[in-house]
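End of the sequence shown = 342 in this note's numbering, gap-free, step of one.
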Amino acid sequence: MGADRVRSDREGNEPTVVSPSGSAGGSDFGFGDSGGHRSGPNAASSQADDGGFGHSRHAVTSGGKHRGAEAPESFARGFAALGDLALNGVQVSARATDLATGRVLFSVDDHVSMPTASIGKVLLLIEVAARLKDAEFGLATMLERTPADAVSDSGVWQHLQVARLSVADLAALVGATSDSLATNVLIRAVGLHAVRARTEQLGLSRTALLDLVRDKRGPDDAPQLSVGSAKELTWLFTALARGEIVDAESSARVIGWLSLNSDLSMVASAFGLNPLAHREHDLGLLMVNKTGTDAGVRSEVGILRGPRAGVTYAVSIVFDDSRLAARLAVLDGMRAFGADLLEYAH
């Protein structure tokens, strides 16, 4: 990797990386700690942000250590694209912050709790990582799927013959393909109540995993798999990258599982990375993300690091999914937002 290696702003403070199989690895995937730490997801931002579409305060302010002569003066493409969606009746929530300073670069209704589909599975992975400290629940603990866990949603386990997998393998499946069968088995193992308690302990009040993954939601079921605010989600991923969620080892495990994600169809489609293999630096870029997809819902949260800067981002969009043109417009808007993130970081 040599000169292309993307280093943290404090040399040597990158958290230990844990591979998806559970073994400690090198620090090449660490995002590192840096200044601008805030004590919780709802702490005051270092930059005013009221979330409206018509305010210049959402532009990137001048100055700062990551600014260069060729750096963008604003997130103009993303702002225009998401603004056009909002004008057409689409509900949009988004936020981007500088990973090093915490400075708000872009925000649109980032305090609003929105449906986030599979993004709530990150909260499950956090609880699983924390639970590994229990003597009776380890990476090699074998869990068996049952008919009650079955769901014909995302993931590959439903198509495999093997009926029992280790906790490490199940967490890797959730990170790589958002595997819903693996999700349900892990929820049964740790308990949805424990995931909720952990979420509250983290100080997240507008972000939650609400239910199991279901093929159909009845009147007695939660209306969504998960909800979240862009403000809390960007805080959560920044804290994971800094090793501050539960502890450094647990944070690194979650980052390791999420680094396998193969869905780069939304914001990350602008980054030019290999969807199936992007755990290593590629042309100076390093990225980890989690996406959520449901009828009328597209959501993504992630971190992008480049030679110039690191940025944490989240965007959730709720729209009328009855027309292909509407869906493609949403994906185009997310990609435009991603192009601005790339320009800022690279």
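All C-beta atoms in this analysis are idealised placements derived from N, C-alpha and C, irrespective of residue type, glycine included.
Where residue i falls: helix, strand or coil (DSSP)
{"i": "A76", "result": "helix"}
{"i": "F71", "result": "coil"}
{"i": "A90", "result": "strand"}
{"i": "E132", "result": "coil"}
{"i": "G116", "result": "helix"}
{"i": "P143", "result": "helix"}
{"i": "V124", "result": "helix"}
{"i": "V158", "result": "coil"}
{"i": "G98", "result": "coil"}
{"i": "L324", "result": "helix"}
{"i": "V163", "result": "helix"}
{"i": "V152", "result": "coil"}
{"i": "G171", "result": "helix"}
{"i": "G334", "result": "helix"}
{"i": "D224", "result": "In the sequence as presented, Asp is not what sits at residue 224; that position holds Gly. DSSP places G224 in strand when its eight states are reduced to three."}
{"i": "G64", "result": "For G64, the predicted structure reports a pLDDT of 35, less than 50, and the residue's modelled location is therefore unreliable. A value from the coordinates is still provided. Reduced to three states, the DSSP call for G64 is coil."}
{"i": "Y340", "result": "helix"}
Burial state of residue i, where buried means 16 or more other Cβ atoms lie within 10 Å
{"i": "D211", "result": "exposed"}
{"i": "G187", "result": "exposed"}
{"i": "R127", "result": "buried"}
{"i": "L320", "result": "exposed"}
{"i": "G334", "result": "buried"}
{"i": "E132", "result": "exposed"}
{"i": "A136", "result": "exposed"}
{"i": "R213", "result": "exposed"}
{"i": "S318", "result": "exposed"}
{"i": "K129", "result": "exposed"}
{"i": "G31", "result": "Confidence is the limiting factor: at G31 the pLDDT is only 38, short of 50, which leaves the residue's position unreliable and the question unanswerable from this model."}
{"i": "A235", "result": "buried"}
{"i": "S295", "result": "buried"}
{"i": "S52", "result": "The predicted model places S52 with a pLDDT of 29, which falls under 50 and marks its position as unreliable; any figure quoted below should be read in that light. Per the 10 Å Cβ criterion, exposed."}
{"i": "L78", "result": "buried"}
{"i": "R91", "result": "buried"}
{"i": "R249", "result": "buried"}
{"i": "A96", "result": "buried"}
{"i": "D217", "result": "exposed"}
{"i": "G268", "result": "exposed"}
{"i": "D336", "result": "buried"}
{"i": "G85", "result": "exposed"}
{"i": "D149", "result": "buried"}
{"i": "V124", "result": "buried"}
{"i": "Q220", "result": "buried"}
{"i": "N257", "result": "buried"}
{"i": "L282", "result": "buried"}
Inter-residue CB distance, residue i and residue j (contact presumed, cutoff 8 angstroms)
{"i": "S222", "j": "S174", "result": "Incorrect: roughly 11 angstroms between the Cβ atoms, too far for contact."}
{"i": "V191", "j": "L119", "result": "5 angstroms"}
{"i": "K286", "j": "L254", "result": "6 angstroms"}
{"i": "L83", "j": "A325", "result": "Going by Cβ atoms, the distance from L83 to A325 rounds to 11 angstroms, so no, they are not a contact pair."}
{"i": "H342", "j": "R304", "result": "6 angstroms"}
{"i": "G74", "j": "A332", "result": "5 angstroms"}
{"i": "T308", "j": "T230", "result": "5 angstroms"}
{"i": "Q87", "j": "V314", "result": "4 angstroms"}
{"i": "S89", "j": "S312", "result": "5 angstroms"}
{"i": "G171", "j": "L121", "result": "7 angstroms"}
{"i": "G134", "j": "V163", "result": "7 angstroms"}
{"i": "S316", "j": "A322", "result": "Checking the sequence, you will find Asp at residue 316 rather than Ser. Right, the Cβ-Cβ distance comes to about 6 angstroms (below 8 angstroms), so this counts as a contact."}
Check: Between the stretch 269 to 282 and the stretch 194 to 202, do three or more beta carbon pairs fall short of 8 angstroms?
Finding: Taking 8 angstroms as the limit for Cβ pairs, the verdict is that the stretch 194 to 202 does not touch the stretch 269 to 282.
Worksheet item: Enumerated in chain order, which unbroken segments of the alpha helix (DSSP H) with a length of 4 residues or greater are wholly contained in the stretch 238 to 319?
Response: Secondary structure remark: continuous alpha helix (DSSP H) runs of at least 4 residues inside the stretch 238 to 319, in chain order: 244 to 254.
Check: With a cut-off of 8 angstroms, do at least 3 Cβ pairs link the stretch 174 to 186 to the stretch 138 to 150?
Finding: Contact between the stretch 174 to 186 and the stretch 138 to 150 is present, because at least three Cβ pairs lie under 8 angstroms.
- prompt: Touching or not, the stretch 97 to 114 and the stretch 220 to 239, by the rule of three or more beta carbon pairs under 8 angstroms?
  reply: Under the three-pair Cβ rule at 8 angstroms, the stretch 97 to 114 counts as touching the stretch 220 to 239.
Q: Please go through the stretch 177 to 215 and give each complete alpha helix (DSSP H) segment of 4 or more residues, from N-terminal end onward.
A: Entirely contained in the stretch 177 to 215, the alpha helix (DSSP H) runs reaching 4 residues are, in chain order, 188 to 197.
task: Could you tell me whether the stretch 89 to 102 touches the stretch 166 to 173, using the rule of 3 or more Cβ pairs below 8 angstroms?
output: These segments do not touch.
- Task: Please determine if the stretch 240 to 253 and the stretch 261 to 274 are in contact, where contact requires at least 3 C-beta pairs separated by less than 8 angstroms.
- Result: Too few Cβ pairs lie closer than 8 angstroms, so no.
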